[in-house]
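In what follows, a single structure is set out as structure tokens and then discussed.
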Amino acid sequence: MKRILTGIKPTGEIHIGNYFGMIKEVVELQKNYQVFLMIADLHAQTVPYKPQELKFLTYELASSLLALGIDPKKTVLFRQSDIPAHLYLYWILSCLSYFGELQLMHEFKEQAERYKKQGVGVGIFMYPVLQAADVLIYNADLVPVGQDQVQHLELTRELARRFNKRFKKFFKVPEIYIHEETAKIMSLDDPSKKMSKSLPEGCLEIFAPENAIKEKIKKAVTDSGQEIKYDPQKKPGISNLMIIYKYLTNKTLAEIEEEFSGLGYNDFKGKIIEAFFDYFKVARVAKRKIKKEEVEKILRIGAQKANQVAKENLIKILKIVGLK
Numbered sequence: 078m079k080r081i082l083t084g085i086k087p088t089g090e091i092h093i094g095n096y097f098g099m100i101k102e103v104v105e106l107q108k109n110y111q112v113f114l115m116i117a118d119l120h121a122q123t124v125p126y127k128p129q130e131l132k133f134l135t136y137e138l139a140s141s142l143l144a145l146g147i148d149p150k151k152t153v154l155f156r157q158s159d160i161p162a163h164l165y166l167y168w169i170l171s172c173l174s175y176f177g178e179l180q181l182m183h184e185f186k187e188q189a190e191r192y193k194k195q196g197v198g199v200g201i202f203m204y205p206v207l208q209a210a211d212v213l214i215y216n217a218d219l220v221p222v223g224q225d226q227v228q229h230l231e232l233t234r235e236l237a238r239r240f241n242k243r244f245k246k247f248f249k250v251p252e253i254y255i256h257e258e259t260a261k262i263m264s265l266d267d268p269s270k271k272m273s274k275s276l277p278e279g280c281l282e283i284f285a286p287e288n289a290i291k292e293k294i295k296k297a298v299t300d301s302g303q304e305i306k307y308d309p310q311k312k313p314g315i316s317n318l319m320i321i322y323k324y325l326t327n328k329t330l331a332e333i334e335e336e337f338s339g340l341g342y343n344d345f346k347g348k349i350i351e352a353f354f355d356y357f358k359v360a361r362v363a364k365r366k367i368k369k370e371e372v373e374k375i376l377r378i379g380a381q382k383a384n385q386v387a388k389e390n391l392i393k394i395l396k397i398v399g400l401k
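First residue of the sequence shown? That's 78 in this note's numbering, and the numbers climb one at a time after it.
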């Protein structure tokens with residue numbers, strides 16, 4: 078059975094971009110693959126954070142993933158920080174990484190600009206190398222990612238090839254799995270930017286209070302006129318809402334245009350609200366029933382399984398590079 082590694086940072090509430098872009102895919106992939114799903118709490122430390130908030134968001138993320146269909150009997154769900162082998166391989170790969178190639182990473186450029194007043198830590202510069210270690214320590218065959226992470230995964234692939242050439246062929250060069258259309262889910266308040274937890278005002282969080290969700294949808298940016306028509310260039314706001322509605326209802330864009338022919342933006346937003354709560358009704362109920370003790374047990378068992386694989390591979394890697 079082929080192995081998949083993917084991860085998500087506990088830096089905010091799960092939103093529909095996370096779900097349709099990655100989580101929904103993993104729920105399907107876990108049926109036919111061996112999935113390792115990592116809560117990337119070490120990556121969450123690369124930007125300013127509050128320790129207690131990080132701990133809280135880690136549990137929130139785990140319970141959200143479980144409520145949305147991640148099955149711990151099929152998927153190894155674990156905290157990144159519970160697996161020391163990640164950091165050991167991170168050091169080995171950092172010695173194979175070039176300063177110049179890391180300078181070109183868009184994540185580093187964006188965060189350096191965002192935090193230029195207080196300064197940006199070296200962690201964000203080295204972020205892609207740790208990400209490579211996350212994937213390669215499990216010798217994953219496939220890595221589901223969003224469009225914004227493709228550059229990092231290309232570096233992962235290059236580091237695998239570089240290691241294999243310099244030492245001995247050991248790592249698989251992982252394939253990148255991307256769901257192209259979900260990359261179109263953009264921010265509700267600025268359809269020129271991708272929906273992101275780092276910009277919460279534009280996120281449609283799945284487990285937010287009902288009134289907050291309704292308000293965000295009602296206030297979502299639209300365009301001039303009232304026609305419900307898919308045109309990302311001329312009508313980016315309404316086109317983004319159409320993509321969201323498409324995934325909530327499984328209707329085509331043509332069917333959506335026909336459904337709302339002659340109707341206005343308010344009518345459309347009302348239907349999006351209905352579709353949202355209908356789609357996530359079961360998950361929202363399930364999330365309220367999950368207890369912290371249950372989450373901790375699942376993460377503990379997940380860490381045991383992940384550690385077993387990671388340790389076995391690390392022992393082999395240390396022998397290859399001359400450390401054992």
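Ideal Cβ placement from N, Cα and C applies to all residues, glycine included.
Source: prediction; values computed, not measured.
Asked	Found
Three-state secondary structure assigned by DSSP to K271	strand
According to DSSP, residues forming a beta bridge with Y254	P221
Assigned secondary structure, M78 (DSSP; H/G/I helix, E/B strand, else coil)	coil
Distance CB(L170)-CB(V206) smaller than 7 Å	yes
For K312, the residue or residues it bridges with in DSSP	D308
Outcome for V112 when other beta-carbon atoms lying within 10 angstroms are tallied against a minimum of 16	buried
Pair within 7 Å by beta-carbon distance, I397 and F155	no
Rounded distance between the beta-carbons of A380 and I160, thought under 8 Å	7 Å
Nearest-angstrom Cβ-Cβ length linking Q303 and Y342, presumed shorter than 8 Å	6 Å
Contact under 7 Å by Cβ, F345 with I305	yes
Nearest-angstrom beta carbon gap, F284 and I91 [assumed within contact, 8 Å]	7 Å
Own chain residues within Cβ distance below 7 Å of K388, not counting five before or after	A162
G94 beta carbon less than 7 Å from that of M319	no
Cβ-based neighbour list, L376, same chain, cut-off 7 Å, excluding 5 preceding and 5 following	A139, L154, F155, R156
Residues that M115 bridges to, as DSSP identifies them	G84, F155
Status (buried if at least 16 other CB within 10 Å, exposed otherwise) for P221	buried
E335 - containing alpha helix (DSSP H), residue span	330-336
Residues near P445 by beta carbon distance below 8 Å, same chain, minus five either side	This structure leaves residue 445 out entirely; the chain is present only between 78 and 401.
Straight-line gap, R361 to I367 (C-alpha atoms, nearest Å)	11 Å
Short Cβ contact (7 Å threshold) for P277 with N317	no
C-alpha gap between G196 and L179, whole angstroms	17 Å
Separation of K358 from K364, as counted between CA atoms	10 Å
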